[in-house]
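Numbers in the working numbering are just positions in the sequence shown, counted from 1, shifted up by 57.
The C-beta atom is built at its ideal place from N, Cα and C for all residues, glycine as well.
If you're wondering where the values come from, they're calculated on a predicted model, not measured in any experiment.
The structure under discussion appears below in the form of structure tokens.
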Amino acid sequence: MYPSPVTGRQRTPGSQTSLREANRARLVDSLKQHGRLTQVELAGVTGLSPATVSNIVKELSASGVLTTTASSRSGRRAVEVALARQLGLVAGLHFSSRHLRIAISDVGRAVVAENHVPLAFDHRHDRELDRAALLLGDMLDSVGASLDDVLAVGIALPVPIDQSTGMISAPGLMRGWEGVPIAEDFEQRVQRPAIVDSDANAGALAEHRQGAARDVSSAAYVRAGHTIGAGLILDGRVFHGTRGKAGQIGHVTIDENGPICRCGSRGCLDTLAGGPALMELFRGDPRMQRLRDLLAQADAGDASCRRVIADAGRHIGIALANLCNIVDPELVVVGGELAQAGETLLAPMRHALERSALAGAAGVPDIVQGALESRAELLGCLSLAIDSIGVGDGIRFPAVAG
Ligand SMILES: [Zn+2]
Numbered sequence: 058m059y060p061s062p063v064t065g066r067q068r069t070p071g072s073q074t075s076l077r078e079a080n081r082a083r084l085v086d087s088l089k090q091h092g093r094l095t096q097v098e099l100a101g102v103t104g105l106s107p108a109t110v111s112n113i114v115k116e117l118s119a120s121g122v123l124t125t126t127a128s129s130r131s132g133r134r135a136v137e138v139a140l141a142r143q144l145g146l147v148a149g150l151h152f153s154s155r156h157l158r159i160a161i162s163d164v165g166r167a168v169v170a171e172n173h174v175p176l177a178f179d180h181r182h183d184r185e186l187d188r189a190a191l192l193l194g195d196m197l198d199s200v201g202a203s204l205d206d207v208l209a210v211g212i213a214l215p216v217p218i219d220q221s222t223g224m225i226s227a228p229g230l231m232r233g234w235e236g237v238p239i240a241e242d243f244e245q246r247v248q249r250p251a252i253v254d255s256d257a258n259a260g261a262l263a264e265h266r267q268g269a270a271r272d273v274s275s276a277a278y279v280r281a282g283h284t285i286g287a288g289l290i291l292d293g294r295v296f297h298g299t300r301g302k303a304g305q306i307g308h309v310t311i312d313e314n315g316p317i318c319r320c321g322s323r324g325c326l327d328t329l330a331g332g333p334a335l336m337e338l339f340r341g342d343p344r345m346q347r348l349r350d351l352l353a354q355a356d357a358g359d360a361s362c363r364r365v366i367a368d369a370g371r372h373i374g375i376a377l378a379n380l381c382n383i384v385d386p387e388l389v390v391v392g393g394e395l396a397q398a399g400e401t402l403l404a405p406m407r408h409a410l411e412r413s414a415l416a417g418a419a420g421v422p423d424i425v426q427g428a429l430e431s432r433a434e435l436l437g438c439l440s441l442a443i444d445s446i447g448v449g450d451g452i453r454f455p456a457v458a459g
């Protein structure tokens, strides 16, 4: 149903052909990042002249790489351009502490299937990757496609990932998945290329591409839920650090003498504001089993639940102030399950940031709720997969005359 992209021909550096191919790649990369754009917008983001954009769009539409549709912007006629659906599909897998979410989309980011299943506490890589492969196969089946149609799979986990090894980069955080080259393991199961990153980075990528941080070049995405992590967008790109540990604010020390953390340190933010730490405060209360119970009670006006969420916001705000003093983002976007508490969480976070972050002419960065809600990380997985296709070279082009 979805023919594979045809391999492009060799490029000769410096030749007219290589310039044309570089321009095509630039245009395709912009569509991978932004989804759908008008020809005028494409000229703006690529820096290519409108005539060059129009020529490339014509060539690549004729060869089936792009599709165009007539539309209007501000009352004026425009031609909207997107990557052609028949290029293939990508898949995203988001393993959180308690859930697996799976989505399949086309290369233009239109989601064609989405599913989620609960995971056992302390789940393990072998069992869950097997299950994910089966589930993905079933979902592809349901949209009339097969694994052969999948160009790449993006995977996210709630832990820092070393991009050079594809393994978790710090011990103690997720024992059942340690020491495993996760993407490779999944590739062996499905025989498709896979790429893995932390869920905070995936969420940051999605909020930057299509959510609350769309219009800024530097942003911090904080994911607060069972664990707390942050993904950093610096100058328009996800910043990983050397071993993928950049933005791991869950392990910033808040209290030197605080409780022992899974990571081996004491008084980390996770031990004070992570889901299990918050639920521990209600131990023995049968109404309070999961984070969602806490959120529901707070929403219903329960004072102690609201206080616990506010305290978590204050603690996250302290870690965030330190982060902001170091990386100076323009905007802070808050996602994860706890973000559903809205201003109950965000107001104390903002207050802590105002108290502890360096102020300037523009004040401290704004803190806003994520626009993509619980789907941010999953949509980020799809973007990870789309970005990984023909890295730096756009989609592999069918031979184009000239
Ligand atoms: Zn820790």
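Query raised in the report: Within this structure, are the beta carbons of residue 83 and residue 103 separated by less than 7 angstroms?
Result: As a working note, residue 83 is residue 26 in the sequence shown. As a working note, residue 103 is residue 46 in the sequence shown. Going by beta carbons, residue 83 and residue 103 fall inside the 7 angstroms limit.
Query raised in the report: Taking DSSP as the reference, what is the three-state secondary structure of residue 156?
Result: As a first step, residue 156 is located in the sequence shown; it is residue number 99 there, counting from the start. Correct three-state label for residue 156: strand.
**Report entry** Beta-carbon proximity of residue 269 to residue 110, cut-off 7 angstroms
**Finding:** Stepping through the sequence shown from its first residue, residue 269 is reached at position 212. Stepping through the sequence shown from its first residue, residue 110 is reached at position 53. Not in contact: residue 269 and residue 110 (Cβ atoms no closer than 7 angstroms).
Query raised in the report: Taking the alpha carbon of residue 434 as the point to measure from, which residue in 241, 345, 390 and 350 has its own alpha carbon closest?
Result: Residue mapping note: residue 434 aligns to position 377 of the sequence shown, counting from 1. It is 390.
Query raised in the report: Heavy atom of ligand 1 less than 6 angstroms from the Cβ of residue 372, yes or no?
Result: Numbered from 1 along the sequence shown, position 315 holds the residue referred to as residue 372. Distances taken from the Cβ of residue 372 to the heavy atoms of ligand 1 include none shorter than 6 angstroms.
Report task. Assign residue 426 to one of three DSSP states: helix, strand, or coil. Result -> In the sequence shown, counting from the first residue as 1, residue 426 sits at position 369. It is a strand residue.
Query raised in the report: When burial is assigned at 16 or more other CB atoms within 10 Å of the CB, is residue 122 buried or exposed?
Result: Within the sequence shown, numbered from 1, the residue matching residue 122 stands at position 65. Buried is the call here.
Requested in this report: Would you give the residue range spanned by the alpha helix (DSSP H) that residue 410 belongs to?
Outcome: Start at 1 with the first residue of the sequence shown, and residue 410 comes out as number 353. Here the alpha helix (DSSP H) through residue 410 covers 400-413.
Query raised in the report: Do the CB positions of residue 415 and residue 382 come within less than 7 angstroms of each other?
Result: If you number the sequence shown from 1, residue 415 lands on position 358. If you number the sequence shown from 1, residue 382 lands on position 325. Yes; because the gap between Cβ atoms is below 7 angstroms, this pair is in contact.
Report task. Determine which residues share a DSSP beta bridge with residue 224 and list them. Result -> Position 167 of the sequence shown, counted from the start, is the residue given in the question as residue 224. For residue 224, DSSP records a beta bridge to 219.
Query raised in the report: Would you say residue 308 touches ligand 1, meaning its beta carbon is less than 6 angstroms from a heavy atom?
Result: The residue given as residue 308 occupies position 251 in the sequence shown. In terms of side-chain proximity, the C-beta atom of residue 308 is found nearer than 6 angstroms to a non-hydrogen atom of ligand 1.
Query raised in the report: Using the beta-carbon count (16 or more within 10 Å), is residue 249 buried or exposed?
Result: Counting from 1 along the sequence shown, the entry for residue 249 is found at position 192. Taking all protein chains in view, the Cβ of residue 249 is crowded by 16 or more other Cβ atoms within 10 Å, so the residue is classified as buried.
Query raised in the report: Among 85, 112, 135 and 108, which residue has its Cα nearest to the Cα of residue 95?
Result: Along the sequence shown, read from residue 1 onward, the residue named residue 95 stands at position 38. Nearest option by C-alpha distance: 135.
Query raised in the report: What is the DSSP secondary structure of residue 80, counted as helix, strand or coil?
Result: Position 23 of the sequence shown holds residue 80. Three-state DSSP puts residue 80 in a helix.
Query raised in the report: Can residue 361 be considered in contact with ligand 1, in the sense that its beta carbon sits closer than 6 angstroms to one or more heavy atoms?
Result: Within the sequence shown, residue 361 is the residue found at index 304, counting from 1. Because no heavy atom of ligand 1 lies under 6 angstroms away, the Cβ of residue 361 does not count as near it: no.
Query raised in the report: With respect to 6 angstroms, is the separation between the Cβ of residue 322 and the closest non-hydrogen atom of ligand 1 below this value?
Result: The residue you call residue 322 lines up with position 265 of the sequence shown. At least one heavy atom of ligand 1 is nearer than 6 angstroms to the Cβ of residue 322, so yes.
Report task. Check whether the segment 254-271 touches the segment 363-373, counting contact only when three or more Cβ pairs, one atom from each stretch, lie closer than 8 angstroms. Result -> Counting Cβ pairs under 8 angstroms, fewer than three are found: no touch.
Report task. Please determine if the segment 150-158 and the segment 212-228 are in contact, where contact requires at least 3 C-beta pairs separated by less than 8 angstroms. Result -> Contact between the segment 150-158 and the segment 212-228 is established, with three or more Cβ pairs separated by less than 8 angstroms.
Query raised in the report: Since residue 392 sits in a beta bridge, which residues does DSSP pair it with?
Result: Your numbering for residue 392 matches position 335 in the sequence shown. Looking at the DSSP output, residue 392 bridges to 280.
Query raised in the report: Hey, is the segment 333-340 in contact with the segment 297-309, meaning 3+ C-beta pairs nearer than 8 angstroms?
Result: Cβ pair count under 8 angstroms is below three, so no.
Query raised in the report: So does the segment 352-363 actually touch the segment 319-329, counting three or more Cβ pairs closer than 8 angstroms?
Result: Using a Cβ-Cβ distance cut-off of 8 angstroms, the segment 352-363 and the segment 319-329 are not in contact, since fewer than three pairs of beta carbons, one from each stretch, lie closer than that value.
Query raised in the report: Can you tell me whether residue 398 is buried or exposed, with buried defined as 16 or more other CB within 10 angstroms of its CB?
Result: Locating residue 398 in the sequence shown gives position 341, where the first residue counts as 1. Classification of residue 398: buried, given that the 10 Å Cβ count is 16 or more.
Report task. Can you tell me the Cβ-Cβ gap for residue 174 and residue 192, rounded? I've got them flagged as a contact below 8 angstroms. Result -> Numbered from its first residue, the sequence shown carries residue 174 at position 117. Numbered from its first residue, the sequence shown carries residue 192 at position 135. Yes, they are in contact, since the Cβ atoms of residue 174 and residue 192 sit about 7 angstroms apart, within 8 angstroms.
Query raised in the report: Got a sec, what are the start and stop residues for the alpha helix (DSSP H) residue 182 sits in?
Result: For this step, residue 182 is matched to residue 125 along the sequence shown. Its alpha helix (DSSP H) spans residues 182-199.
Query raised in the report: CB-CB under 7 angstroms to residue 319, same chain, minus the five flanking residues each way: which ones, in chain order?
Result: By one-based count along the sequence shown, residue 319 stands at place 262. The beta carbon of residue 319 sits closer than 7 angstroms to the beta carbons of 229 and 230 from its chain, once the five residues preceding and following it are set aside; these are given in chain order.
Query raised in the report: Cα-Cα, which of 446, 394, 404 and 386 is closest to residue 419?
Result: For the purposes of this step, residue 419 is identified with residue 362 of the sequence shown, where counting begins at 1. Nearest C-alpha to residue 419 among 446, 394, 404 and 386: 386.
Requested in this report: Can you grab the Cα-Cα spacing for the pair residue 89 / residue 440, in whole Å?
Outcome: Here the question's residue 89 lines up with position 32 in the sequence shown. Here the question's residue 440 lines up with position 383 in the sequence shown. In a straight line, the C-alpha of residue 89 is about 8 angstroms away from that of residue 440.
**Report entry** Residue environment, residue 405, which counts as buried when at least 16 other CB atoms sit within 10 Å
**Finding:** Mapped onto the sequence shown, residue 405 falls at position 348. Only buried fits residue 405, as 16 or more other CB atoms lie within 10 angstroms of its CB.
Report task. Tell me whether residue 313 is buried or exposed, calling it buried when 16 or more other Cβ atoms sit within 10 Å of its Cβ. Result -> For the purposes of this step, residue 313 is taken as the residue at position 256 of the sequence shown. Label assigned to residue 313: exposed.
Query raised in the report: If you drop the 5 nearest sequence neighbours on each side, which residues of the same chain put their C-beta closer than 7 angstroms to that of residue 242?
Result: Within the sequence shown, the letter at position 185 stands for residue 242. A distance below 7 angstroms between beta-carbons, with the five flanking residues on each side excluded, links residue 242 to the following residues of its chain, in chain order: 182 and 186.
**Report entry** residue 139 - DSSP class collapsed to helix/strand/coil
**Finding:** Translated into positions along the sequence shown, residue 139 becomes position 82. Residue 139 falls in the strand class under three-state DSSP.
**Report entry** Opposing strand residues paired with residue 175 [DSSP bridges]
**Finding:** Taking the sequence shown and counting its residues from 1, the one referred to as residue 175 is at position 118. As DSSP reads the structure, residue 175 sits in a beta bridge with 156.
Query raised in the report: So, is residue 199 buried or exposed, given that buried needs 16 or more other C-beta atoms within 10 angstroms?
Result: Taking the first residue of the sequence shown as position 1, residue 199 is located at position 142. By the neighbour-count rule (16 or more Cβ atoms within 10 Å), residue 199 is not buried but exposed.
Report task. Keeping to the same chain, check which residues put their C-beta closer than 7 angstroms to that of residue 305; ignore five residues upstream and five downstream. Result -> Position 248 of the sequence shown, counted from the first residue, corresponds to residue 305. Only 217 and 286 meet the Cβ criterion.
Requested in this report: Verify whether the separation of the beta carbon atoms of residue 388 and residue 423 is less than 7 angstroms.
Outcome: In the sequence shown, the residue the question calls residue 388 occupies position 331. In the sequence shown, the residue the question calls residue 423 occupies position 366. Contact flag set, yes.
Query raised in the report: How many whole angstroms separate the CB atoms of residue 288 and residue 307, which I take to be in contact at a CB cut-off of 8 angstroms?
Result: Within the sequence shown, numbered from 1, the residue matching residue 288 stands at position 231. Within the sequence shown, numbered from 1, the residue matching residue 307 stands at position 250. Not a contact, Cβ separation roughly 12 angstroms.
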